[in-house]
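The next block holds one structure in the form of structure tokens; read it before the comments.
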Amino acid sequence: MKGMKFSFLCKKKPQPTGKRIAIVGAGPAGLTAAGYLVCKGHDVDIYDKMPEPGGLMLFVIPEFRIPVERIRFGAKELEEEFEVTYYPRTKVMEGEREDEGDEFYERKIRLSELKEKYDAVLIATGIWNVRKIGIPGDDLEGILSPLELLFWIKGHKLGYVPEEKVPDLAGKKVGIIGAGLTAVDVAFECNRLGADVEIFYRRTIREAPAGAYEINILRNRGVKWFELVTPKSVIGENGRVKAIELLRTRLGEPDATGRRRPIPIPGSEFQVPVDYLVFAIGMVSTPPVNGTYLATDRRGRLVVDERHMTSVEGIFAAGDVANGPTKVGRAIKDGLYTAVSIDKWLRGEL
Amino acid sequence: MERKYLYVDYLTCIGCETCQTVCDFIHNGNPYIRIYVTENKQYVPINCKHCDDAPCIKVCPTHAIYRDEDGAVRIAENKCIGCLACLQVCPYGVPFYSLKVKAITKCDMCAERREEGLEPACAEMCPAEAIQYGPLEMVLELVNERRAKNIPEHQRELTEEELRKSISSGYKVF
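Top line first, the protein sequences correspond to chains A and B. The numbers in my numbering rise by one with no breaks, and the one at position 124 of the first sequence is 198. The numbers in my numbering rise by one with no breaks, and the one at position 120 of the second sequence is 633.
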């Protein structure tokens, strides 16, 4: 198997320009930007809190979608043929915040230190936090975050997470709220681990972000699909999740996303017993700042201008940390165009 | 020279749009591989299949469409008169008229990159390894290896004849 060729624009490293760039985050946007920048002759160092590069592609997306070796070989090629230096287990942060995967970092560096040390900095830290739903009982034991769950399963496969961290789902009833690609991946993995999986979604299969194709594959594998239901509360017993209370919904007029808005039907409550519950309702950007130093919007994303530059001159941002959760290809696109901007800016053309 | 194939394996494609992105990037905003979304939200990248018995080559009145030594079906833009006959006969609706070059244009398996010893960008960057480029036997082996390893439900191997068929004609996406 060949690796993803992040440096697809050139065969070997050209004459060095003498410029040094730090990239924070070794996911698709960071690695692709690194590939472009080394092809322009710049020196690139990549910082990442995880033990090896690859980001969500390596640590979260299931193996049957993206082969691990494809990412590993690609990252290795950047290191061996283009002299990219990785600094794994290194969290870059200005301020304090806890995110998923934090247990892996051993060193901490301030973003402002990188700014001083390098000619340009690119932030591509992605989305390592999950959105909270905010209903009664959503903090009970047995409620898992999709990121955590997928990360434990894949991390264990890769040898970084001990077996006891991965919940024993065989024969257990797992409820999943949401119908995006994350929900689908969680359902696939739980089903593979022998769980009895049920997906609850507030609209119909026609509006599901993951699409009918993926959901029908799951249904063929025995995953149950409940549509037009929305969670009202989580019922617990002795501090542990026991059931989910749902409300039936009907579809109203289309909202800003163009999808018909789900309207809860009062008095339609019913309960479904579950052993585990996963709220896969979206992920949140995790910039290496907490409130100050760089401007963020109300959804926590880094604010960038048309040059892909943040509010601090010389610090750029690309991928999900600036755009919110998207597809791998869109993160790659953003990584490429941001790298073009960085190169132009370093040459004084921007 | 041995003929090369650019094969998109729809069973392993995850619809991530990376192929379209990198193609768009190297072709100045004109991607030659495009993602189409079906009604049930399946993301399907469609590009030129460089058909064995390419109808576009046959129908082109000025012989502007030809096959190069790697097997890519290409267009000599200076010979194209923009009659759109190729578009009419292409079963995939692949060729399109470029206002920039005032001629028909389409995937040429990254001809410029191949001249430099590089491979088509979509194949090099596909994270799922769903796009394979190379001689038939190599493509066949890689596709089957990828399917067997990662998609247990699709472990059935393709025969050479089936692969040829799905690359060239009688193509069935679903």
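Glycine included, C-beta positions come from ideal geometry on N, C-alpha and C. Everything numeric in this text was worked out from a predicted model, so none of it was measured.
1) Looking only at its chain, what residues have a beta carbon closer than 6 Å to the beta carbon of R205(A), apart from the 5 residues adjacent to it on each side?
2) Per DSSP, what kind of secondary structure is V363(A) in: helix, strand or coil?
3) So, Y518(B) versus V652(B), is the Cβ gap smaller than 7 Å?
4) Out of V166(A), I135(A) and G115(A), which has the shortest C-alpha to C-alpha gap to E155(A)?
5) Count the other C-beta atoms from every protein chain shown that fall within 10 angstroms of the C-beta of I594(B), then say buried if there are 16 or more, exposed otherwise.
6) Using a C-beta cutoff of 7 Å, does G249(A) count as contacting chain B?
7) Check whether chain B comes within 7 Å of R139(A), counting only Cβ atoms and requiring the distance to be less than that.
8) Could you give the C-beta distance for R375(A) and V395(A), rounded to a whole number, given that I count them as a contact under 8 Å?
9) Between the C-alpha atoms of P361(A) and S415(A), what's the straight-line distance to the nearest angstrom?
10) If contact is defined by three or more beta carbon pairs under 8 Å, each pair taking one atom from either stretch, is the region 189–199 of chain A in contact with the region 278–291 of chain A?
11) Is the beta carbon of I318(A) closer than 7 Å to that of V352(A)?
12) Looking at the C-beta of C529(B), does it have a partner C-beta in chain A at a distance below 7 Å?
13) At least one CB of chain B closer than 7 Å to the CB of R144(A): is that the case?
14) May I ask which residues mark the beginning and end of the beta strand (DSSP E) holding A616(B)?
15) Taking Cβ-Cβ distances shorter than 8 Å, what residues in chain B pair up with A100(A)?
16) Pick from P399(A), V402(A), V378(A) and T400(A): whose alpha carbon is nearest that of T412(A)?
17) Starting from A286(A), find everything on chain B with Cβ-Cβ shorter than 7 Å and list it in chain order.
18) Taking 7 Å as the CB-CB limit, is E625(B) close to chain A?
19) Tell me the residue span of the beta strand (DSSP E) that contains Y110(A).
20) Just to confirm my understanding: we take G200(A), look at its own chain, exclude 5 residues before and 5 after, and list those with CB closer than 8 Å. What are they?
21) Is E666(B) helix, strand or coil by DSSP?
22) For the candidate residues D117(A), I250(A), L267(A) and W299(A), whose alpha-carbon lies nearest to that of A244(A)?
23) Count the other CB atoms, across all protein chains shown, that sit within 10 Å of the CB of A269(A); report buried if there are 16 or more and exposed otherwise.
24) Counting only Cβ-Cβ distances shorter than 7 Å, please list the residues of the region 408–420 of chain A near chain B, keeping chain order.
25) Of the choices P340(A), S342(A) and L325(A), whose alpha-carbon is the least far from that of R334(A)?
26) Have a look at the DSSP bridge pairing and note the partners of D117(A).
27) By the 10 Å Cβ neighbour count, where 16 or more other Cβ atoms means buried, how is R295(A) classified, buried or exposed?
28) Contact between the region 416–424 of chain A and the region 631–643 of chain B: three or more CB pairs below 8 Å?
29) Can you list, in chain order, the stretches of the alpha helix (DSSP H) that have 4 or more residues and sit fully within the region 581–657 of chain B?
30) Tell me whether D270(A) sits in a helix, a strand or coil according to DSSP, three-state version.
31) Between M383(A) and L196(A), what straight-line distance do the alpha-carbon atoms span, to the nearest angstrom?
32) Compute the distance between the beta-carbons of I97(A) and P640(B), then report whether it is under 7 Å.
33) Identify each residue in the region 349–362 of chain A for which the Cβ-Cβ distance to at least one residue of chain B is less than 8 Å, and report them in chain order.
34) Beta-carbon of K231(A) versus every beta-carbon of chain B: anything under 7 Å?
35) Of all the options G365(A), G332(A), Y350(A) and V303(A), which has the alpha carbon lying nearest to the alpha carbon of P340(A)?
36) Suppose you measure from the CA of E263(A) to the CA of R181(A); what does that come to, to the nearest Å?
Once the coordinates are examined:
1) I355, G356 and V358
2) strand
3) yes
4) G115(A)
5) exposed
6) no
7) yes
8) 7 Å
9) 20 Å
10) no
11) no
12) yes
13) yes
14) A616 to T618
15) Per Cβ cutoff of 8 Å: no residues; A100(A) is ~14 Å from chain B at best.
16) V378(A)
17) N553 and K554
18) no
19) Note, Y110(A): premise wrong, no beta strand (DSSP E); alpha helix (DSSP H) at P102 to C113.
20) G99, G101, A103, G129, L130, S359, T360, G393, D394, V395 and A405
21) Bear in mind that a pLDDT of 44 at E666(B), under 50, signals an unreliable position, so the model cannot answer this.
22) L267(A)
23) buried
24) L410
25) L325(A)
26) R94(A)
27) exposed
28) no
29) 598–602, 624–628 and 634–638
30) strand
31) 9 Å
32) no
33) none
34) no
35) V303(A)
36) 32 Å
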